[in-house]
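Visitor: Encoded as structure tokens, here's the structure I'll be asking about.
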Amino acid sequence: MPGPLPQDCDVLVVGSGNAGFSAAVSAAQSGAKKVVLIDRCPETWAGGNTYFTAGAYRICHQGLPDLLPIVNNVDDSLAQKIDLDPYTEADFAGDMQRVCMGRSDAKLSKVLIGESNSAIKWLAQNGIRFQLSFNRQAYHVNGRYKFWGGLSIKTEDGGKSLIQDQIRAAQRHRVQVHWDTALIGITLSPERDGNVCVAVQHKGCDAVIKAGALILAGGGFEASPRLRCQYLGPGWDMALVRGTPFNTGACLDIAMRDISAATAGNWSGCHSVAWDANADPNSGDRVASNEYTKSGYPLGLMINVQGKRFVDEGIDLRNYTYAKFGRAILAQPESLAFQIWDSRTSGWLRSEEYREERVERITASNIEDLADECVKRGLHDREAFLGTIAEYNRAVYAHRKENPQMKWDPAVRDGLSTQSSTARLELAKSNWALPIDQGPFLAVKVTCGITFTFGGLSVDSETTQVISAATGKGVTGVYCVGEMMGGLFYSNYPGGSGLTSGAVFGRRAGRAAAQFAALSRGMHPQPKATKL
Numbered sequence: 001m002p003g004p005l006p007q008d009c010d011v012l013v014v015g016s017g018n019a020g021f022s023a024a025v026s027a028a029q030s031g032a033k034k035v036v037l038i039d040r041c042p043e044t045w046a047g048g049n050t051y052f053t054a055g056a057y058r059i060c061h062q063g064l065p066d067l068l069p070i071v072n073n074v075d076d077s078l079a080q081k082i083d084l085d086p087y088t089e090a091d092f093a094g095d096m097q098r099v100c101m102g103r104s105d106a107k108l109s110k111v112l113i114g115e116s117n118s119a120i121k122w123l124a125q126n127g128i129r130f131q132l133s134f135n136r137q138a139y140h141v142n143g144r145y146k147f148w149g150g151l152s153i154k155t156e157d158g159g160k161s162l163i164q165d166q167i168r169a170a171q172r173h174r175v176q177v178h179w180d181t182a183l184i185g186i187t188l189s190p191e192r193d194g195n196v197c198v199a200v201q202h203k204g205c206d207a208v209i210k211a212g213a214l215i216l217a218g219g220g221f222e223a224s225p226r227l228r229c230q231y232l233g234p235g236w237d238m239a240l241v242r243g244t245p246f247n248t249g250a251c252l253d254i255a256m257r258d259i260s261a262a263t264a265g266n267w268s269g270c271h272s273v274a275w276d277a278n279a280d281p282n283s284g285d286r287v288a289s290n291e292y293t294k295s296g297y298p299l300g301l302m303i304n305v306q307g308k309r310f311v312d313e314g315i316d317l318r319n320y321t322y323a324k325f326g327r328a329i330l331a332q333p334e335s336l337a338f339q340i341w342d343s344r345t346s347g348w349l350r351s352e353e354y355r356e357e358r359v360e361r362i363t364a365s366n367i368e369d370l371a372d373e374c375v376k377r378g379l380h381d382r383e384a385f386l387g388t389i390a391e392y393n394r395a396v397y398a399h400r401k402e403n404p405q406m407k408w409d410p411a412v413r414d415g416l417s418t419q420s421s422t423a424r425l426e427l428a429k430s431n432w433a434l435p436i437d438q439g440p441f442l443a444v445k446v447t448c449g450i451t452f453t454f455g456g457l458s459v460d461s462e463t464t465q466v467i468s469a470a471t472g473k474g475v476t477g478v479y480c481v482g483e484m485m486g487g488l489f490y491s492n493y494p495g496g497s498g499l500t501s502g503a504v505f506g507r508r509a510g511r512a513a514a515q516f517a518a519l520s521r522g523m524h525p526q527p528k529a530t531k532l
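If you count the sequence shown from 1, position 485 lands on 485 in UniProt numbering, and the numbers rise without skipping.
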């Protein structure tokens with residue numbers, strides 16, 4: 001059990017997600033004798049948005065042999081059946097450049113990519129349990145597991161176990177954790193016994209903590225309908241919140257107000273996905289967690305309530321489209337869509353997202369009856385729905401006729417499309433285009449679920465020190481990581497790079513904060529050996 005709230009510490013961390021815990025453990029390992037982590041949420045909501053993730057980390061690696069030492073779900077026999085290509089720094093950099101429209105901060109991106117491998121191995125040394133992501137990132141094809149999309153590892157049992165492991169690592173390093181403790185103000189102090197005075201509200205009572213250094217990891221503003229409308233634009237108050245209801249942008253506002261923190265990044269951008277339309281609109285579900293995501297659209301079609309397609313479902317591998325297609329769904333009439341499959345591909349859907357216990361499965365033996373069932377659930381134009389699928393099927397068959405040698409392969413961009421010399425859709429499906437005419441048929445109803453926002457604070461890439469809008473220089477003793485850090489992602493992001501960012505920059509921030517706190521108090525930091 002945590003003791004009373006301390007009045008001082010070497011390093012104070014605000015936020016209990018992956019980035020915050022990474023920073024706290026790093027600070028302790030870097031010699032900070034007293035590290036305190038606070039979060040405004042109760043302990044039952046520990047972990048911020050990290051708890052709701054699938055636990056995937058995008059890292060550079062040299063192929064399967066590089067990853068086997070840190071995963072716990074591959075034996076020698078299974079390893080012989082895995083196809084997992086290296087994912088190089090050039091691959092990662094190319095994905096960041098392409099997916100983020102060339103706008104990602106070059107220095108931050110370089111650090112993220114260059115330290116991705118070592119940071120995840122550091123997490124593994126600290127007791128974070130990793131696995132190869134067979135369920136999300138591999139298809140079993142011809143007796144072999146084919147990994148795809150540059151995303152191969154995840155934590156055991158996703159974000160739930162990641163937070164459990166992070167809490168255990170913090171306990172081993174004697175990090176004090178205090179829940180129900182909200183940041184309400186920051187004052188820079190000239191006193192040597194505490195460079196930063198942090199005002200908090202702890203279990204309803206006001207208090208002050210003097211810290212040698214402060215690390216902000218309090219999340220974005222995705223849980224605030226008002227701020228979503230203000231920054232993301234009209235209609236974003238209708239998005240469903242995928243994760244914690246406590247990420248309301250309060251920490252961002254306090255940093256900008258009290259220490260003139262400069263802002264950076266894509267403030268009108270966010271990570272948003274196809275999300276179960278029947279989910280709670282205001283917060284994630286601690287039991288269902290990430291399972292309300294509905295990411296099987298590359299295997300089928302998405303059709304809005306007016307019966308029309310609105311995205312190229314096969315324009316790229318899911319890892320590079322799922323974080324932006326939520327926005328596309330939000331822009332549709334009533335912010336709703338139906339995902340559609342026939343028997344050819346419905347069996348390829350991930351059970352954790354599409355099983356009957358998790359989602360309302362709309363089924364029918366023929367496509368006309370499926371349309372009728374969708375009408376009962378909000379489809380407005382039945383004939384347009386049927387016409388869209390019929391036109392799609394004709395285009396698919398025309399492409400097959402011209403390209404009989406091509407084979408469907410969900411693990412690569414297979415080129416099976418709707419575009420041929422005799423039939424072309426105005427909105428193509430560029431890959432994985434199979435006919436939808438073989439019953440039974442399946443549909444699910446989806447909307448937009450928002451994950452995290454891309455706008456944040458400007459930081460120094462080497463230390464994550466917050467930059468002042470007033471001076472253009474670093475704010476003494478204050479650092480920022482996680483969703484609060486702006487500049488990495490624009491419009492979209494390569495799947496799994498958010499958790500990697502939290503680990504990479506959290507480790508850097510903890511190290512820098514510990515060193516600064518020691519120097520400001522006339523001490524010399526002594527790095528601690530990692531104990532598992």
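A virtual CB, placed ideally from N, CA and C, is assigned to each residue, including glycine.
If you reduce the DSSP assignment to three classes, tell me which class Tyr57 lands in.
Guide: Tyr57 falls in the strand class under three-state DSSP.
Visitor: To the nearest angstrom, how far is it from the Cα of Lys376 to the Cα of Ala364?
Guide: Those two C-alpha atoms are separated by around 13 Å.
Visitor: How many angstroms separate the CA atom of Phe385 from the CA atom of Leu67?
Guide: Those two C-alpha atoms are separated by around 45 Å.
Visitor: Please return the same chain residues whose Cβ sits closer than 6 Å to the Cβ of Pro298, not counting the five positions on each side in sequence.
Guide: Hits under 6 Å: Glu313, Gly314, Arg318 and Trp432.
Visitor: I need the DSSP call for Lys531, collapsed to helix, strand or coil.
Guide: Because Lys531 carries a pLDDT of 40, less than 50, the predicted location of this residue cannot be relied on, and the following value inherits that uncertainty. Three-state DSSP puts Lys531 in coil, outside helix and strand.
Visitor: Using only the alpha-carbon positions, how far apart do Lys160 and Thr451 sit?
Guide: Their backbone Cα atoms lie some 16 Å apart in a straight line.
Visitor: Let me know the secondary structure DSSP gives Asn393 once reduced to three states.
Guide: In the structure shown, Asn393 sits in a helix (DSSP, three-state: H, G or I).
Visitor: Kindly list the residues whose CB is nearer than 6 Å to the CB of Asp393, restricted to its own chain and excluding five residues on each side of it in sequence; keep chain order.
Guide: Here residue 393 turns out to be Asn, not Asp, going by the sequence shown. The answer, listed in chain order, is Pro435 and Asp437.
Visitor: Residue range of the beta strand (DSSP E) that Arg144 falls in?
Guide: Start and end: Arg144 to Phe147.
Visitor: What whole-angstrom Cβ distance do Ala32 and Ala512 have, given they're in contact under 8 Å?
Guide: Contact doesn't hold; Cβ gap of about 11 Å is too wide.
Visitor: Hey, could you find the ends of the beta strand (DSSP E) Thr210 is sitting in?
Guide: Here residue 210 turns out to be Lys, not Thr, going by the sequence shown. Taken as a continuous stretch (DSSP letters only), the beta strand (DSSP E) holding Lys210 covers Cys205 to Leu216.
Visitor: Tell me whether Thr500 is buried or exposed, calling it buried when 16 or more other Cβ atoms sit within 10 Å of its Cβ.
Guide: Buried, because 16 or more other Cβ atoms sit within 10 Å of the Cβ of Thr500.
Visitor: When DSSP labels each residue in this structure, what does Phe505 get in the three-state scheme?
Guide: The answer is helix: DSSP assigns Phe505 an H, G or I state.
Visitor: Count the CB pairs spanning the segment 250-269 and the segment 453-460 that are closer than 8 Å, and state whether there are at least three.
Guide: Yes: the two stretches touch, three or more of their Cβ pairs being nearer than 8 Å.
Visitor: Could you name each continuous alpha helix (DSSP H) segment of 4 residues or more that falls completely within the segment 356-386, going from the start of the chain to the end?
Guide: Listed in chain order, the complete alpha helix (DSSP H) runs (minimum 4 residues) inside the segment 356-386 are 367-375.
Visitor: With DSSP collapsed to three states, give me the class of Lys445.
Guide: Note: Lys445 maps to strand in three-state DSSP.
Visitor: From Val446 to Pro6, what does the alpha carbon distance come to, in whole angstroms?
Guide: Those two C-alpha atoms are separated by around 46 Å.
Visitor: Over what stretch of residues does the beta strand (DSSP E) that includes Asn304 continue unbroken?
Guide: Element bounds for Asn304: Leu301 to Asn304.
Visitor: Kindly identify the DSSP beta-bridge partner or partners of Tyr87.
Guide: His61.
Visitor: Note the first and the last residue of the continuous alpha helix (DSSP H) segment covering Ser77.
Guide: Start and end: Asp76 to Ala79.
Visitor: Suppose you measure from the CA of Ala93 to the CA of Gly114; what does that come to, to the nearest Å?
Guide: The straight-line gap from Cα to Cα measures roughly 10 Å.
Visitor: Do you know how far the Cα of Gln164 is from the Cα of Ile184?
Guide: Going by the C-alpha atoms only, they are around 27 Å apart.
Visitor: For a test of the three-state rule: what should DSSP assign to Leu294, helix, strand or coil?
Guide: Looking at the sequence provided, one finds Lys at residue 294 rather than Leu. Three-state result, Lys294: coil.
Visitor: Reducing DSSP to helix, strand and coil, say where Lys33 ends up.
Guide: Of the three classes helix, strand and coil, the one that applies to Lys33 here is coil, per DSSP.
Visitor: With a threshold of 16 other CB atoms inside 10 Å of the CB of Lys531, please say whether the residue is buried or exposed.
Guide: Note that Lys531 scores 40 on pLDDT, short of 50, meaning its location in the model is unreliable; the coordinates nonetheless yield the value given after this. Result: exposed.
Visitor: Given that a residue counts as buried once 16 or more other Cβ atoms are within 10 Å of its Cβ, and exposed if not, what is Lys473?
Guide: Label assigned to Lys473: exposed.
Visitor: Should Thr293 and Val273 be called a contact, given that it needs their Cβ atoms to be closer than 7 Å?
Guide: In contact: Thr293 and Val273 (Cβ atoms closer than 7 Å).
Visitor: For Ala106, which three-state DSSP category applies?
Guide: In this structure, Ala106 counts as helix in the three-state DSSP scheme.
Visitor: Should Ala44 be labelled buried (16 or more other beta-carbon atoms within 10 Å of its own) or exposed?
Guide: One point to set straight first is that residue 44 is Thr, not Ala, in the sequence displayed. Classification for Thr44: exposed.
Visitor: Start and end of the alpha helix (DSSP H) containing Ala328?
Guide: From DSSP, the alpha helix (DSSP H) with Ala328 extends over Tyr322 to Leu330.
Visitor: Along the beta strand (DSSP E) that carries Cys270, what are the first and last residues, could you check?
Guide: Counting along the chain, the beta strand (DSSP E) containing Cys270 begins and ends at Cys270 to Asp276.
Visitor: Residues in its own chain within less than 6 Å of Glu156 by CB, not counting five upstream and five downstream?
Guide: Taken in chain order, the residues that qualify are Arg129 and Gln131.
Visitor: For the candidate residues Tyr490, Trp179, Ser26 and Thr50, whose alpha-carbon lies nearest to that of Gly3?
Guide: Comparing Cα positions, the closest option is Trp179.
Visitor: Between the segment 276-296 and the segment 469-483, do at least 3 Cβ pairs fall closer than 8 Å?
Guide: Touching, no, given that fewer than three Cβ pairs across the two stretches are closer than 8 Å.
Visitor: Do you know whose CA, among Leu427, Asp409, Gly17 and Gly63, lies nearest Thr53's CA?
Guide: Minimum Cα distance to Thr53 is reached at Gly17.
Visitor: Counting C-beta neighbours from all protein chains within 10 Å, is the total for Ser351 16 or more, i.e. buried, or is it exposed?
Guide: That one is exposed.
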